[in-house]
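When we follow this note's numbering, the leftmost residue of the sequence shown carries the number 4, and every step to the right adds one. Data first, discussion second: the structure below is written as structure tokens.
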Amino acid sequence: MKKINWALVGIVLALGLIIAMIFGFIRKIFTRKVITANETKSLVIEPVPKVEKESDEELAKKAELLLEQKLQEVENNKNQDEH
């Protein structure tokens with residue numbers, strides 16, 4: 004029984020993988036889809052509407068108001084449960 008040289012097996016597998024990747028890349032280059040004139044009309048990208056960013060202070064005020072509203076709702080629910 005012959006001893007297997009695992010280093011050689013690994014090198015052969017790595018070379019096979021590299022060759023397969025090269026062939027795949029060549030295939031990808033030659034099968035690239037050509038866009039026709041009719042398809043370019045559907046590729047028009049519409050501009051995204053600009054959204055004004057709120058400052059941190061405004062966001063903090065809104066968060067505080069929401070928190071107060073939630074606290075009021077919880078208190079109202081507690082009062083209704085007690086009655």
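Positions of the beta carbon are idealized from the N, C-alpha and C atoms, including for glycine.
Between which two residues does the alpha helix (DSSP H) harbouring ASN80 extend?
-> 59-85
Review point. Where does LYS53 sit, in a helix, a strand or coil, going by DSSP?
Key: coil
*Give the DSSP-derived three-state secondary structure of MET24 in the structure shown.*
helix
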